[in-house]
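Peer 1: This is the structure I want to talk about, given as structure tokens.
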Amino acid sequence: MLGGRKLSSSGSRFLGAHRSAFRGTQGDCPRLTTSAAYSKNQLSWTLQIKPSVFSEYRIMCFKSYSMTFACLNRMKSYRLPWTRLYSTSRTTVDSSEVKTFLALAHRWWDEQGVYAPLHSMNDLRVPFIRDNLLKTAADHQPGKPLSGMKILDVGCGGGLLTEPLGRLGASVIGIDPVDENIKTAQHHKSFDPVLDKRIEYRACSLEKIVEETAETFDAVVASEVVEHVIDLEVFIQCCCQVLKPGGSLFITTINKTQLSYALGIVFSEQIAGIVPKGTHTWEKFVSPEKLESILESNGLSVQTVAGMLYNPFSGYWHWSENTSLNYAAHAVKSSMQEHPAPADLL
Ligand SMILES: C[S@@+](CC[C@H](N)C(=O)[O-])C[C@H]1O[C@@H](n2cnc3c(N)ncnc32)[C@H](O)[C@@H]1O
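Dropping the structure here:
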């Protein structure tokens, strides 16, 4: 069942070795210091001797202040490379997607409802994330193998994946642009006092996290999210920027094939109603090859790409060598790199 496609350029990408692992579990305004500073004596002397000079001084002071302020403001956008690689004013959030997910925000935890396939996807994706993270961990606590790790779950929705990652001991920040999703996620985790401490939820975009922090997370997870974003390249650049060197990016998504159109949209949405109509836009799907090329151009080395198949009759997922529908990818940010220049945005 389980098998991985060997990929072209970098990394040891195979899933055979994972076979056993998958079986078991589931301005403020800057202060002016020099340029506009005049001594009291100078100023009073000017006022007594030549009042007109005072207005010149005022103009000079003002000009000098403005120049300093403009200069400092400009400097803000050339921050030190180790704190900020770039900032983007582009958003990856599509307002029509926000509307779709807003309408379903109260249904996340209905295991038989519209998000049932995401609940059962945890059987594959939780061990996939855990086992790949543990490959690099020196030792780990029994029962809490991910303790000490900091994970960002981007597009966490109602927290279906965030919670099991928290249960494995990780400190997880779950973010989602839909406020109502975050309320649902907050409410659900409040039932478990342990998770309440380990998980933090925020209603915000990934771009906002990038503005606040860099190279912070041991892992970034974007599960079933990239097919909903506007600008995939910016999205991946942002993921890469918040990852620590050596950190892991995990993505699950849908391939862009004729089969994914037929089964993922026509069958799942329009015929069987497995997924609500309008949830997916085929044009936004991405092939593993395209995703790999974006990942690698951002300094990430792709380790694994594995196909995932959903059986709508049993409601279960299984691993497959076939990536023509759903697939999971694991990529690692190089720990050697200085700071890869995200091609377009520097
Ligand atoms: C299919 S759901 C997946 C939820 C969760 N990752 C899971 O698998 O249970 C997609 C989620 O991505 C969020 N989303 C959509 N566009 C996004 C963006 N540009 N950045 C981050 N999250 C986004 C949606 O609000 C929604 O909660």
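Position 161 (the sequence shown) corresponds to 161 in full-length UniProt numbering; numbering is contiguous.
Each residue gets a CB set at the ideal place from its N, CA and C atoms; glycine is no exception.
(1) Can you have a look at residue 356 and say buried or exposed, based on whether 16 or more other CB atoms are within 10 angstroms of its CB?
(2) Any heavy atom of ligand 1 within a distance shorter than 6 Å of the CB on Gly174?
(3) Report the rounded CA-to-CA distance for Leu324 versus Val266, giving the unit in angstroms.
(4) Would you decide whether Met121 is buried or exposed? Buried here means 16 or more other CB atoms lie within 10 Å of its CB.
(5) Flag Gly264 as yes when its Cβ comes closer than 6 Å to any non-hydrogen atom of ligand 1, and as no otherwise.
(6) Tell me the residue span of the beta strand (DSSP E) that contains Asn311.
(7) Just to check, is the beta-carbon of Glu97 closer than 6 Å to a non-hydrogen atom of ligand 2?
(8) Is it the case that the CB of Leu118 approaches a heavy atom of ligand 1 more closely than 6 Å?
(9) Name the DSSP beta bridge partners of Glu283, please?
(10) Less than 7 Å between the beta carbons of Val226 and Leu232, yes or no?
(11) Pull the bridge partners of residue 353 from the DSSP assignment, please.
(12) Expressed to the nearest angstrom, what Euclidean distance is found between the alpha-carbon atoms of residue 403 and Asn132?
(13) State the DSSP-derived secondary structure class of Ala341, mapped to helix, strand or coil.
(14) Quick one, are the C-beta atoms of Pro177 and Val286 less than 7 Å apart?
(15) Between Ala185, Ile173 and Glu211, which lies nearest to Phe217 when the distance is taken from Cα to Cα?
(16) Under a three-way DSSP split, which group does Gly247 fall into?
(17) Apart from the five residues on each side of it in sequence, which residues of its chain come closer than 7 Å, Cβ to Cβ, to Ile236?
(18) From what residue to what residue does the alpha helix (DSSP H) around Ala217 run?
(19) What first and last residue would you give for the beta strand (DSSP E) that runs through Ala329?
(20) Just mark Asp153 as buried or exposed, buried being the case when its beta carbon has 16 or more other beta carbons within 10 Å.
(21) With respect to the beta strand (DSSP E) encompassing Ile274, which residues constitute its N-terminal and C-terminal limits?
(22) Write down every uninterrupted run of the beta strand (DSSP E) in the segment 112-180 whose length is 3 residues or greater and which is fully enclosed by it, in chain order.
(23) Can you give me the C-alpha to C-alpha distance between Asn311 and Arg130, rounded to a whole angstrom?
(24) Quick one: measure Cβ to Cβ for Lys333 and Gly247, integer angstroms, because I've assumed they're closer than 8 Å.
(25) Cutting at 6 Å between CB atoms, please list the residues of its own chain near Arg202, excluding the five before and the five after it.
(26) Hey, quick one: how far does the beta strand (DSSP E) through Ser320 stretch, first residue to last?
(27) Tell me the residue span of the alpha helix (DSSP H) that contains Leu195.
(28) Closest to Thr257 by C-alpha separation, out of Thr91, Tyr327, Leu124 and Gly155, would be which residue?
Peer 2: Let's see:
(1) Residue 356 is absent from the model: the chain starts at 1 and stops at 346.
(2) On the sequence shown, position 174 is the one that residue 174 refers to. For ligand 1, not one heavy atom lies less than 6 Å from the Cβ of Gly174.
(3) Numbered from 1 along the sequence shown, position 324 holds the residue referred to as residue 324. Numbered from 1 along the sequence shown, position 266 holds the residue referred to as residue 266. Before going on, a small fix: residue 324 reads as Ser here, not Leu. Taken atom to atom, the span from the alpha-carbon of Ser324 to that of Val266 is near 15 Å.
(4) In the sequence shown, counting from the first residue as 1, residue 121 sits at position 121. Label assigned to Met121: buried.
(5) Residue mapping note: residue 264 aligns to position 264 of the sequence shown, counting from 1. Distances taken from the Cβ of Gly264 to the heavy atoms of ligand 1 include none shorter than 6 Å.
(6) Translated into positions along the sequence shown, residue 311 becomes position 311. Unbroken beta strand (DSSP E) run through Asn311: Leu300 to Asn311.
(7) For ligand 2, the structure offers nothing, since it holds only ligand 1.
(8) Taking the first residue of the sequence shown as 1, we reach residue 118 at position 118. Yes - ligand 1 has a heavy atom lying nearer than 6 Å to the Cβ of Leu118.
(9) As a first step, residue 283 is located in the sequence shown; it is residue number 283 there, counting from the start. Answer is none; Glu283 lacks a bridge partner.
(10) In the sequence shown, counting from the first residue as 1, residue 226 sits at position 226. In the sequence shown, counting from the first residue as 1, residue 232 sits at position 232. Yes.
(11) A question about residue 353 goes unanswered here, because the residues of the chain that appear run from 1 up to 346.
(12) The requested residue 403 is not part of the displayed model; the chain covers only 1 to 346.
(13) Mapped onto the sequence shown, residue 341 falls at position 341. Confidence at Ala341 is low in this model, with a pLDDT of 49, below 50, so the placement of that residue is unreliable and no value is reported for it.
(14) Position 177 of the sequence shown, counted from the first residue, corresponds to residue 177. Position 286 of the sequence shown, counted from the first residue, corresponds to residue 286. No; because the gap between Cβ atoms is not below 7 Å, this pair is not in contact.
(15) By 1-based counting over the sequence shown, the position of residue 217 is 217. Taking only the C-alpha atoms, the option nearest Phe217 is Ile173.
(16) Taking the first residue of the sequence shown as position 1, residue 247 is located at position 247. It is a strand residue.
(17) Taking the first residue of the sequence shown as 1, we reach residue 236 at position 236. Hits under 7 Å: Ile294, Leu295 and Asn298.
(18) Locating residue 217 in the sequence shown gives position 217, counting from the first residue. The sequence as given places Phe at residue 217; Ala does not occur at that position. It is not in any alpha helix (DSSP H) - Phe217 instead sits in the beta strand (DSSP E) that spans Phe217 to Ser223.
(19) Numbered from 1 along the sequence shown, position 329 holds the residue referred to as residue 329. First-last of the beta strand (DSSP E) with Ala329: Asn326 to Lys333.
(20) Here residue 153 corresponds to residue number 153 of the sequence shown, with the count starting at 1. Buried.
(21) Here residue 274 refers to the residue found at position 274 when the sequence shown is read from its first residue. Unbroken run through Ile274: none, as it is neither H nor E.
(22) 150-154 and 171-176
(23) Working through the sequence shown from its first residue, we reach residue 311 at position 311. Working through the sequence shown from its first residue, we reach residue 130 at position 130. One Cα belongs to Asn311, the other to Arg130, and the distance between them is close to 24 Å.
(24) By 1-based counting over the sequence shown, the position of residue 333 is 333. By 1-based counting over the sequence shown, the position of residue 247 is 247. Confirmed, Cβ separation roughly 5 Å.
(25) What you label residue 202 is simply residue 202 of the sequence shown in a count that begins at 1. Result list for Arg202: Ile175, in chain order.
(26) Translated into the one-based positions of the sequence shown, residue 320 becomes position 320. Taken as a continuous stretch (DSSP letters only), the beta strand (DSSP E) holding Ser320 covers Tyr316 to Ser320.
(27) By one-based count along the sequence shown, residue 195 stands at place 195. Counting along the chain, the alpha helix (DSSP H) containing Leu195 begins and ends at Pro193 to Arg198.
(28) Within the sequence shown, the letter at position 257 stands for residue 257. Checked all of Thr91, Tyr327, Leu124 and Gly155; the closest Cα to Thr257 is Tyr327.
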